[in-house]
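Same order as they appear, the protein sequences are chains A and B.
Those letters in the first sequence? Residues 352 to 613, by this note's numbering.
Those letters in the second sequence? Residues 52 to 676, by this note's numbering.
Quick reminder that beta carbons are idealized off the backbone N, C-alpha and C, glycines included.
Here the structure is laid out as structure tokens; the discussion comes afterwards.
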Amino acid sequence: MPMLDIQHLTKSFGGVQALNDLDFHVDKGEIVSVIGPNGAGKTSFFNTVTGYFSPDEGQILFNGVNISGHEPHEITELGIARTFQNVRLFPDMTVLENVMVAQHCRTTTGIFGTLLNTRSFRREEAQIEANAKDVLSFFGKRLQGYRWDQPASVLSYANRRRLEIARAMATEPELILLDEPTAGMNPKETAELTDLIRQLRDDRGYTVVLIEHEMRVVRDVSDRVVVLDHGEKIAEGDFETVSHNPDVIEAYLGRPAEHTDE
Amino acid sequence: MTDTLERTSESEAPSPNPVDWSKVQKWGSLGGLTMSFIAAIGMVAALDKRIIISPWLSLGFITLLWVPVAYGYIAATEKASDGSPPPVKGARDIISGLVTGLISGALFALFIVIIDAVDLTDVFRNLGPKLVELLTFGLGLGAASVIWIVGSGLLGLIGGALKVVRPTVRRVVSSAAMGVFGVALLELIVTDISQGLHIEFVTDWLYAINGGLTTISAIVVAILFGLLGLRSDDRTLTQRRLDRMNLEPQVLVRRNAIAAAITIAAVIFLPMILGGLTNELLANVGLFVLMGLGLNIVVGSAGLLDLGYVAFFAVGAYTTAILTSPLSPTWTPELTLNFLSWEGWLILAIVLVMAAIAGLFIGTPVIKLRGDYLAIVTLGFGEIVRILFLSDWLSPYFGGAQGITNIPSAALGPVEIKGTNSQAMFYLIAAFVAIAIYVSWRLQKSRTGRAWTALREDEDVAEAMGINTTASKLTAFVTGAMFASIAGMLFAAKVGSIFPSSFKLLVSIIILVIVIVGGMGSIPGVIIGAIVLIGILGGPTQPGLLQEFGQFKLLIYGALLVVMMLKRPEGLWPSLRRQRELHHDEMSQDSWLQGTSYQTGGVPEDEQGGTRYTDDAAPIQDGDG
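Put into structure tokens, the structure is as follows:
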């Protein structure tokens, strides 16, 4: 059984068909890239899976549970984490707090435990902090030491992207959805992140779905590539197959000139 | 970089910038308008009775005289803009100040002439012969005009000169002026303390018989405060806080501990030496601190703009009234608010439960709304609650406009804490404030508090991080409601009778202003805000230290709010987070100029990779090595 199994997913906004009868699946331990031209419905797809949009039709099965129509926080709790295309950190919380707050659904202490400063509260707080530091250590020295107490707003662009991934990891997901993780990074950073995406699966055991425009990244990390255009899946397969698919080339580059003369 | 700066300033130094006449004109006219406005609303006449320096300077005239000084200072200030050399100070500034003052004075003299010539008392009650007489000092119009123009010009000149002199001089002068003003204004509380300490001879000497400092004591006070000004340094408040952040943690902890110890000692011992009136003020401040801390959780931490907060204050007060007052219209168990028996705690528990129910009742339908929508809806709910208490429909239970009277005092065992015994009342309220501070403080650095902050910063992302935003918001809303209900309970026991008119929208707004002026999300900020607004200016119905300002209270609130929003939007004592949010650019620029990384205590900024273009082929130097 696939980890994420999506059938006949349809979502439209007024007259715009964002997703059209989309079938999609991810198996455990896979890295799947979702590509397609701008406006193809990639981010809408993520938003629907994570509960920001509820689908018009179709169902989303995650580990056999239908999650369509669930609240975003419930979906996070079930084990799907995401990052955002336009990095959305909590800018005035520190780096460490950003990651700590992401463990909310994995922890339980309520107001009374906090006020009474119970032992379980203190243990949990220590655990949260330790987890946060562990997750941040995934990025090497990038988000270590003095960075912990810096507000997220002072980080460089690349570090913000990294912190977003760290935050997603801190929710202890099974599946991570990365929305253009390398956008705005320089080639060196992109290469570094490509390695990290692979490590996300190999070392940390997450299943990864990513939206990506940088074809080199797609080629290097993907087990499988899914191409969307106008909310429909137009191709699927490994990078080589997909990149030579005429439909895909057409979606990206337009129809060859001789056809338009008809 | 420094080199270039120096060179440019040298090259332009020989030709100091000319006077910016349009600016002078603008601030001069504004000054005249401001002075006329202040006189027209009757502030000068009303505050003339309050003497600052006996016998020649009253508070009424001070409300006018600060204008040319301040505007002269502003007109003389040329803002240094990025990249250009710092403006050269000199005669230009003094002339700007002088002319600004002259224009203000002339316009104000014109205003006096107009109100003398045209009787406007039918429309503007204050603009009558009485005001003219006051403003002309009983002299002729011509003489008075000359006095105003010359005087205002001189004050403007002083303002401009303050711009030119060295910072130390400026500090000494402003410290002395504020010192004299403060000591004279706080006559009541200073007298009160000196009586408590049995050193009345100090205040007997300090103050004249009919109020205000004597000329000699004013000079002495000015010298003392001037010396104090000499000791402080040039840093602004923001810089001070930033510097403090860079201190060693141990030093910081020690300093905080000392500050806390002093505060606690003051709270415990100060009421003993204070008189009834001052204690009454402090008790009122305490009530508003309690509510401010609650609203601070709702607005400051969780970012939910709640304008109907007074509803929960009312719920707490009415619950207490019904449970205790023998005159409760329908039913009462006639409990007593005795905190040494189970009855008091039962009342407290019921009050909290009622507040939670009210919070859920109001909160559940509206909590999904965001920002302005939430503000408007809660504002409506706040009014609905008051109108329900006022309504004929519910008057069999709540007494309608007659309210509920004869609410017995709170007690500790056999000791009754009468509302009129403001000292005991203060201690009772302070105890609850202490609990509220503890609760706020614990919650800030906890899982719940972090979730609230995340909510405030970005609700959608908070949801994606697995935070149940609806539940979190409701928790914040209800926690805030509970704080207000406790304040309501204490308020009912303090005043002994409650009416729907005690719970007007104005109360919600004033609590919000306390939180904003103090500093959103900051616990000391709320306390400072409550002291400034409630203690000094006075609450919605409670008189403050400056009772004379009573009728102008709302005007001053408004002016204060506008000035704060423009000049110090993070509040008087901001939380670190707010400060960062609002001064991020300045802070990072400052640290960039100093060549250090922002807030890192001198660790150089590395890897700005995201903004740096690097070619694939070129070997890339990375910060991390």
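CA-to-CA distance, residue j to residue i, given in whole angstroms
{"i": "Leu303 (chain B)", "j": "Met94 (chain B)", "result": "44 Å"}
{"i": "Gly247 (chain B)", "j": "Leu325 (chain B)", "result": "6 Å"}
{"i": "Glu425 (chain A)", "j": "Gly517 (chain B)", "result": "7 Å"}
{"i": "Gly531 (chain B)", "j": "Ala160 (chain B)", "result": "52 Å"}
{"i": "Leu441 (chain B)", "j": "Ala452 (chain B)", "result": "5 Å"}
{"i": "Thr361 (chain A)", "j": "Pro502 (chain A)", "result": "39 Å"}
{"i": "Arg552 (chain A)", "j": "Ser471 (chain A)", "result": "32 Å"}
{"i": "Asp574 (chain A)", "j": "Asp374 (chain A)", "result": "17 Å"}
{"i": "Leu606 (chain A)", "j": "Leu487 (chain A)", "result": "The residue you asked about is not Leu; residue 606 (chain A) is Arg in the sequence shown. Going by the C-alpha atoms only, they are around 46 Å apart."}
{"i": "Ile579 (chain B)", "j": "Leu341 (chain B)", "result": "12 Å"}
{"i": "Ser553 (chain B)", "j": "Ala538 (chain B)", "result": "13 Å"}
{"i": "Ile468 (chain B)", "j": "Ala462 (chain B)", "result": "5 Å"}
{"i": "Arg474 (chain A)", "j": "Gly576 (chain B)", "result": "31 Å"}
{"i": "Thr471 (chain B)", "j": "Leu98 (chain B)", "result": "29 Å"}
{"i": "Leu447 (chain A)", "j": "Gly622 (chain B)", "result": "26 Å"}
{"i": "Leu561 (chain A)", "j": "Leu528 (chain A)", "result": "6 Å"}
{"i": "Asn389 (chain B)", "j": "Ile309 (chain B)", "result": "34 Å"}
{"i": "Met615 (chain B)", "j": "Val367 (chain A)", "result": "46 Å"}
{"i": "Met405 (chain B)", "j": "Ala96 (chain B)", "result": "48 Å"}
Where residue i sits in the DSSP three-state scheme
{"i": "Ser392 (chain B)", "result": "coil"}
{"i": "Gln358 (chain A)", "result": "strand"}
{"i": "Gln410 (chain A)", "result": "strand"}
{"i": "Asn417 (chain A)", "result": "strand"}
{"i": "Gly572 (chain B)", "result": "coil"}
{"i": "Lys492 (chain A)", "result": "coil"}
{"i": "Ile418 (chain B)", "result": "coil"}
{"i": "Arg573 (chain A)", "result": "Checking the displayed sequence, the identity of residue 573 (chain A) turns out to be Ser instead of Arg. In the structure shown, Ser573 (chain A) sits in coil (DSSP, three-state: anything other than H, G, I, E or B)."}
{"i": "Leu463 (chain B)", "result": "strand"}
{"i": "Thr558 (chain A)", "result": "strand"}
{"i": "Arg292 (chain A)", "result": "Any property of residue 292 (chain A) remains undetermined from this structure, which presents chain A solely from 352 to 613."}
{"i": "Leu579 (chain A)", "result": "strand"}
{"i": "Gly359 (chain B)", "result": "coil"}
{"i": "Gly337 (chain B)", "result": "helix"}
{"i": "Pro69 (chain B)", "result": "coil"}
{"i": "Lys584 (chain A)", "result": "strand"}
{"i": "Pro686 (chain B)", "result": "With chain B running from 52 to 676 in the structure shown, residue 686 (chain B) is simply not present."}
{"i": "Thr128 (chain B)", "result": "coil"}
{"i": "Asp114 (chain B)", "result": "It is worth fixing the name first, because residue 114 (chain B) is Thr in this sequence and not Asp. Correct three-state label for Thr114 (chain B): helix."}
{"i": "Leu378 (chain B)", "result": "coil"}
{"i": "Ser442 (chain B)", "result": "coil"}
Cβ shell of residue i (< 7 Å), same chain only, five flanking positions each side left out
{"i": "Gly354 (chain B)", "result": "Leu506 and Arg507"}
{"i": "Ile200 (chain B)", "result": "Leu153, Gly156, Ala157 and Ala160"}
{"i": "Phe378 (chain A)", "result": "The question names Phe, but residue 378 (chain A) is Asp in the sequence shown. The answer, listed in chain order, is Pro353 and Met354."}
{"i": "Leu149 (chain B)", "result": "Gly204, Gly207, Leu208 and Gly211"}
{"i": "Asp54 (chain B)", "result": "Unreliable positioning characterises Asp54 (chain B) in this predicted model, as indicated by a pLDDT of 47, which lies under 50. A coordinate reading is not provided."}
Contact set for residue i: own chain, Cβ-Cβ below 8 Å, skip 5 residues either direction
{"i": "Thr499 (chain B)", "result": "Ser523 and Thr526"}
Spatial neighbours of residue i in its chain, beta-carbon cut-off 6 Å, leaving aside the 5 residues before and after
{"i": "Leu186 (chain B)", "result": "Ile163"}
{"i": "Gly387 (chain A)", "result": "Lys393, Val578, Leu579 and Asp580"}
{"i": "Ala391 (chain A)", "result": "Leu579 and Asp580"}
{"i": "Thr429 (chain B)", "result": "Asp357, Leu358 and Gly359"}
{"i": "Asn347 (chain B)", "result": "Val566 and Val577"}
{"i": "Ala227 (chain B)", "result": "Ala273, Phe276 and Gly277"}
{"i": "Arg457 (chain A)", "result": "Glu523"}
Heavy atom of the ligand MG within 7 Å of residue i beta-carbon
{"i": "Met533 (chain B)", "result": "The ligand MG is absent from the structure shown, which contains no ligands of any kind."}
- [ ] Can you check the stretch 369-395 of chain A for any alpha helix (DSSP H) of at least 4 residues that lies completely inside it and give the ranges in chain order?
- [x] If we require 4 residues or more, the stretch 369-395 of chain A turns out to have no alpha helix (DSSP H) run fully inside it.
Open item on the list: To be precise: take each residue of the stretch 340-357 of chain B, compare its Cβ to all Cβ atoms of chain A, and keep it if any distance is under 7 Å. Which residues remain?
Closed with: Of all residues in the stretch 340-357 of chain B, none has a Cβ within less than 7 Å of some Cβ in chain A.
Open item on the list: Please identify, using Cβ separations under 8 Å, the residues of the stretch 502-514 of chain B that lie next to chain A, in order along the chain.
Closed with: Going along the stretch 502-514 of chain B in chain order, one finds Ala502, Thr504, Ala505, Glu508, Asp509, Asp511, Val512, Ala513 and Glu514 with a Cβ nearer than 8 Å to chain A.
Open item on the list: Along the stretch 460-483 of chain A, where does the CB come closer than 8 Å to a CB of chain B? Name the residues.
Closed with: Listed in sequence order: Thr460, Gly461, Ile462, Thr465, Leu466, Asn468, Phe472, Glu475, Glu476 and Ile479.
TODO: Go through the stretch 488-576 of chain B residue by residue and report every complete run of the beta strand (DSSP E) that reaches 3 residues or more, in order.
DONE: None, since the stretch 488-576 of chain B contains no complete beta strand (DSSP E) of that length.
- [ ] With 9 Å as the C-beta to C-beta threshold (strictly closer), list the residues of the stretch 567-596 of chain A near chain B in chain order.
- [x] For the stretch 567-596 of chain A, which is checked against every Cβ of chain B, not one residue is closer than 9 Å.
TODO: Give, in chain order, every residue of the stretch 442-453 of chain A whose Cβ lies closer than 7 Å to some Cβ of chain B.
DONE: Within the stretch 442-453 of chain A, the residues whose Cβ lies closer than 7 Å to some Cβ of chain B are Pro442, Asp443, Met444, Glu448, Met451, Val452 and Ala453, listed in chain order.
Task: Unbroken stretches of the beta strand (DSSP E), 3 residues or longer, contained in the stretch 516-556 of chain A - done: For the stretch 516-556 of chain A, whole beta strand (DSSP E) runs of length 3 or above, ordered along the chain, are 526-530.
Task: Under 9 Å (Cβ pairs) to chain A, residues found in the stretch 298-325 of chain B - done: Listed by position, the residues of the stretch 298-325 of chain B near chain A (Cβ gap below 9 Å) amount to none.
Open item on the list: Any C-beta of chain A within less than 8 Å: which residues of the stretch 574-605 of chain B qualify?
Closed with: Hits within the stretch: zero.
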